[in-house]
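There are 2 protein chains.
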Amino acid sequence: MADVAAEAHVSVKTVSRVVNREPGVRRDTEQRVRGVIDRIGFMRHDGARILRQGRTQTIALVVEDLANPFYSQISAAVEREARIRQHQLITASAEGSPTRERVVLEGLINRRVDGLVVVPAGEQPVVDPTVSASGTPIVYVDRPVRGEPCDTVISDNPGGVRSAVEHLVANGHRRIAFLGDDAEFWTARQRREAFVGIHDALGLPGDTRVVMGPHTADSLATRLSAWSRERTPVTAVITGNNRVTLAALHAMRAVGVEMGLVGYDDFELADLVEPAVTVVHQDPASIGQKAVLQLFARLLGDESPAQTVVMPTRLIVRESGRLPATARLRKALP
Amino acid sequence: MADVAAEAHVSVKTVSRVVNREPGVRRDTEQRVRGVIDRIGFMRHDGARILRQGRTQTIALVVEDLANPFYSQISAAVEREARIRQHQLITASAEGSPTRERVVLEGLINRRVDGLVVVPAGEQPVVDPTVSASGTPIVYVDRPVRGEPCDTVISDNPGGVRSAVEHLVANGHRRIAFLGDDAEFWTARQRREAFVGIHDALGLPGDTRVVMGPHTADSLATRLSAWSRERTPVTAVITGNNRVTLAALHAMRAVGVEMGLVGYDDFELADLVEPAVTVVHQDPASIGQKAVLQLFARLLGDESPAQTVVMPTRLIVRESGRLPATARLRKALP
DNA sequence: TCAGGGAGTGACAGCGTTGTCAGGAAAGCG
DNA sequence: CGCTTTCCTGACAACGCTGTCACTCCCTGA
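Following this line, the structure appears as structure tokens:
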């Protein structure tokens, strides 16, 4: 900028004014400065600008795994909203480790990101004291954290599970099992509890069958074929998230067991597998968007008490919940 | 830092030394400073550090759509490698628009990111002069750009297409069509050309049938059922990417046409649809990783001439290429 | 004619770090 | 004992920008 100033015979301040389209620069001066800028290819150094102004125009998103469609859809939504508001997005992955999450968050705070959207890692997420001390606004997504109330966007897990159970019951199922993901995950636990609650409330027969993960196609294959061979067999399962649904589908295919199924999380091709899979759909894009909007509200000075937004889920009815109307044993594929 | 210095009765420089674990600070001084730091919760301001040192420890990834699994897997890989090397990752989406891409790139250059990984947007990607003037190292992914040779990582499209065609031919198919995505995309064009070349080289009968997108399930339904009713029907199609594969599967399902199919790009559940889909697999994670490695090599001073790396593809053989052995018309679903 | 005012411009400080260099104390050496 | 060396520490400038304030014109109206 100093070079431009010298070349154009003005002060750096005037260059600054031109670069930032501030008023109060004469036409010809501006032309001249702009000419020099183009000629020597000057580009404003935003780092310095940021240092001076205090705002980084950057927000960060911390998730578990960017490649997981659920998170990647969130991140696309967050990036989009950020871009619209002239902010850049730093994405970071904590890979599910609270330790790494702490390191990552610390790095982001050091960078003075204006705000954070975080899918908290680990079993017992707690607001990091350094983070909270920094005063950086933060919105949690998908899972709440303990302690102080915080802005949080989660999806309506109990509602989703209820719709799944009710759908199965409406289709004649009585013995329904729940296959949750690792109980380390809050969502997995919440869905489990919802399942147990509804199971009991509806007075379904037998003790509630709940198996938490991690699951593999193999482990589920064993489990499912055992269940299907019981005297009063389990006729339907609810899977706790997309990972489990996938494993369950593979398992069913492998051992030729066919039961009712409602999966948590929609997935591409859910309508193309046989039978088309009925799912509880939560819209990651809306969740992400909601979270950023809340974050930007804070950035704009919203001081209202922390709120938890519960996003609705939607049951997408396809075929797989309609069994046992069509229930049958299929011969295992070769 | 000044506050810490005052409190600990040392100079800011000493605080700086402690914070950065530089040698040459006496044990007790360090203890004292560290104590103050913890007490008042000081956190280094990386923006200032960056300004002073010139390196931002940041790289950026520009893609078309973060929610697309192909890109999200790339981005996960890039983030991972960046994190390992103490760099942060800014992800940005150009949403396929060259104009937006230019704006985005300019913003990133202004931020002085150390390097860029870019999936170039638009039909005729060209190195942006402002970008190249900035001297920021850049690696292109998935599609090359015109003009000066640049570091580029692409996948072996001709090889992938060839393996697809050969597989179908080996399974008895002679009349094979190609359904490409929008010819605006370089990859779509390259795959089309590869298809035409191989089709001719193998001396397959008839004129090459090639239809470029964008496709919808509906448009494909019409097309496919027409093809299947010809006197010498098309017995197999190759789809040019995961979007097209999906549309084709829906179309086939809708009109009850069953032809041989090899899809470009693997996808989750490819093995669970009926019939399991044979695909040309390109590994986005490796592609992304390769790109970052190249980028970091440049950052470390590698001055060798720009290179284009072609990543191999792999044919994952499932069922859908085995038709017409099992070819049949299926009744359309209700 | 002169005060008052607005428009255009520039000097300067400071954002929070770190690299450089210099200074002082302690230690080693002849 | 004086001199060099080593270790620890601090003063200061600079990274590139912008907010503040002051200054100079030139124009307006009394």
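Chain order of the listed sequences is A and B. Per UniProt numbering, residue 1 is the first one in the first sequence, and the count goes up by one each step. Per UniProt numbering, residue 1 is the first one in the second sequence, and the count goes up by one each step. Idealized CB from N, CA, C, for every residue including glycine. All values derive from a computational prediction rather than experimental measurement.
Going by DSSP in three states, residue i sits in which element: helix, strand or coil?
i	result
residue 335 of chain A	Limits of chain A in this structure are 1 at one end and 334 at the other, which puts residue 335 of chain A out of reach.
B/P214	coil
A/D151	strand
A/R314	strand
A/A92	strand
A/H250	helix
B/V292	helix
B/V280	strand
A/R27	helix
A/V117	strand
B/P137	coil
B/L224	helix
A/A297	helix
A/R322	coil
A/T58	strand
residue 339 of chain B	Here chain B comprises residues numbered 1 to 334, so residue 339 of chain B is not present and cannot be evaluated.
B/V33	helix
B/V257	coil
A/T308	strand
Measure the CB-CB distance between residue i and residue j and report whether it falls below 8 Å.
i	j	result
B/R192	A/Q88	no
A/I74	A/P284	yes
A/A121	A/S97	yes
B/R143	B/W186	yes
B/T14	B/L61	no
B/V257	B/L224	yes
B/A177	B/A217	no
B/L202	B/V165	yes
B/A67	A/A76	yes
B/V292	B/V78	yes
B/T58	B/D114	yes
A/G260	A/S219	no
A/V141	A/V117	yes
A/V12	A/M1	yes
A/E271	A/R318	Looking at the sequence provided, one finds Asp at residue 271 of chain A rather than Glu. Contact: yes.
A/N241	A/D265	yes
A/A188	A/M212	yes
B/P137	B/L300	no
residue 336 of chain B	B/G172	The displayed coordinates of chain B run from 1 to 334. Any statement about residue 336 of chain B would go beyond what the structure contains.
Looking at the secondary structure, which residues open and close the beta strand (DSSP E) in which residue i lies?
i	result
B/F70	No beta strand (DSSP E) contains B/F70, which is instead part of the alpha helix (DSSP H) from 69 to 84.
B/A236	236 to 239
B/G180	176 to 180
B/L261	260 to 264
At the level of alpha carbons, what is the spacing between residue i and residue j?
i	j	result
A/L246	B/E7	58 Å
A/V36	A/V4	6 Å
B/S163	B/D207	20 Å
A/R80	A/D200	43 Å
B/I238	A/S93	36 Å
B/V234	B/R174	8 Å
B/P312	A/V309	46 Å
B/F195	B/H215	18 Å
B/P305	B/V119	20 Å
A/H147	A/R102	Note on identity: in this sequence residue 147 of chain A is Gly, with His being the wrong assignment. The straight-line gap from Cα to Cα measures roughly 17 Å.
A/R27	A/R49	25 Å
B/Q190	B/I198	12 Å
A/V104	A/S228	46 Å
A/D302	A/Q294	9 Å
How would you write the range of the alpha helix (DSSP H) that residue i sits in, first residue to last?
i	result
A/H199	186 to 201
B/T99	98 to 110
A/A170	157 to 170
A/A6	2 to 8
A/A48	46 to 53
A/V15	12 to 19
Contact residues within the stretch 156 to 182 of chain A, judged by C-beta distance below 7 Å to chain B: none
Residues in the stretch 200 to 214 of chain A having any Cβ partner in chain B nearer than 8 Å: none
Contact residues within the stretch 289 to 306 of chain B, judged by C-beta distance below 9 Å to chain A: none
Where the stretch 247 to 266 of chain A meets chain B: residues whose CB sits under 9 Å from a CB there: L249, H250, R253
Positions along the stretch 5 to 26 of chain B whose CB lies within less than 7 Å of some CB in chain A: none
Cβ-based contacts, 9 Å cut-off: residues of the stretch 89 to 101 of chain B near chain A: L89, I90, T91, A92, S93, E95, R100
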